[in-house]
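Residue numbers (the UniProt record's numbering): 1 to 250.
From the three backbone atoms N, C-alpha and C, an ideal C-beta is built for every residue, glycine too.
A quick note: this is a predicted structure, and the numbers were derived from the prediction, not measured.
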Ligand code: SAH
């Protein structure tokens, strides 16, 4: 029997054509696939019937199976000599607790191979017509979690410093605390007229894009009843969208 091994695979933002060739091959060869719902229905529909398919999570921060149990399952299946794919939305190491899973497996002497995925942090704005950098208006990009739980011992996000930094801000998991985070950015001095977009279910067939300014985005998101998964983009680059999609002149 070969050494136990787990493939920690990124599935990209949801469009099945944005899976890497390596992800596709490993999925098709797997004995067991443990996947998050964030992977997206269209990809889940392509998981092979020959494999044991285990749904372990809804969205980040909202797991149907606790993280400890996921870790246990991964260790158990790997030790039984199964070809195990742990399939995660986007890239496994971007706000997805992939590092925790990899460390837990390593602690049990199980080899981990990470297969990077296309992260929603970059691909979702792109699919909505927003380049996250642009020579004239953004030389810095910050990726931030909008859903911070102080009790989990995570380092805290300094929204005032982010506001002062400028450039493009990409907020993941930002739906539930949108109002507080926007408030903190405004307080930190980010201009109320800064263009913003919320992209819900980016790259998927029912993607929605809501645009506004920083001082109005919460109201617009509430009116539109935005639901996870969604990404908030704050910065002048959002203003390029109209030029890119409709050829408006600058
Ligand atoms: N590892 C993932 C991120 C996990 S955190 C990645 O690299 O993409 C989960 C957050 O990702 C969601 O709350 C949302 O903010 C974002 N997200 C993932 N897929 C998305 C999609 N298709 N559309 C919009 N946001 C998405």
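Continuous beta strand (DSSP E) stretch holding residue i: start and end
i: residue 230; result: 230 to 234
i: residue 113; result: 111 to 115
i: residue 208; result: 208 to 213
i: residue 186; result: Taken as a continuous stretch (DSSP letters only), residue 186 belongs to no beta strand (DSSP E), being part of the alpha helix (DSSP H) at 178 to 187.
i: residue 36; result: 32 to 36
Residue i - containing alpha helix (DSSP H), residue span
i: residue 42; result: 41 to 44
i: residue 52; result: Not the alpha helix (DSSP H): residue 52 falls in the beta strand (DSSP E), residues 52 to 57.
i: residue 2; result: Neither: residue 2 is in no alpha helix (DSSP H) and is coded neither H nor E.
i: residue 125; result: 120 to 127
i: residue 148; result: Taken as a continuous stretch (DSSP letters only), residue 148 belongs to no alpha helix (DSSP H), as it is neither H nor E.
i: residue 172; result: Note, residue 172: premise wrong, no alpha helix (DSSP H); beta strand (DSSP E) at 168 to 172.
i: residue 241; result: 241 to 246
i: residue 96; result: From DSSP, residue 96 is part of no alpha helix (DSSP H); its letter is neither H nor E.
Assigned secondary structure, residue i (DSSP; H/G/I helix, E/B strand, else coil)
i: residue 7; result: strand
i: residue 84; result: strand
i: residue 222; result: helix
i: residue 18; result: helix
i: residue 161; result: helix
i: residue 47; result: coil
i: residue 24; result: helix
i: residue 60; result: Confidence in residue 60 is poor, its pLDDT being 49 and thus under 50, which makes the residue's placement unreliable; the coordinate value appears in the next sentence. It is coil, neither helix nor strand.
i: residue 65; result: coil
i: residue 190; result: coil
Beta-bridge partners of residue i, as assigned by DSSP
i: residue 12; result: 90
i: residue 195; result: 213
i: residue 77; result: In DSSP, residue 77 forms no bridge with anything.
i: residue 134; result: 138
i: residue 200; result: 208 and 230
Whole-number beta carbon distance between residue j and residue i, since they are thought to touch under 8 Å
i: residue 203; j: residue 78; result: Rounded, the Cβ-Cβ distance is 31 Å, inconsistent with contact.
i: residue 253; j: residue 172; result: This structure cannot settle anything about residue 253, because the visible part of the chain is limited to 1 through 250.
i: residue 125; j: residue 175; result: The Cβ separation is near 16 Å, so there is no contact.
i: residue 34; j: residue 70; result: 7 Å
i: residue 104; j: residue 5; result: With a Cβ gap of about 14 Å, residue 104 and residue 5 do not count as contacting.
i: residue 207; j: residue 199; result: 7 Å
i: residue 142; j: residue 231; result: Actually they do not touch by this definition, with Cβ atoms about 13 Å apart.
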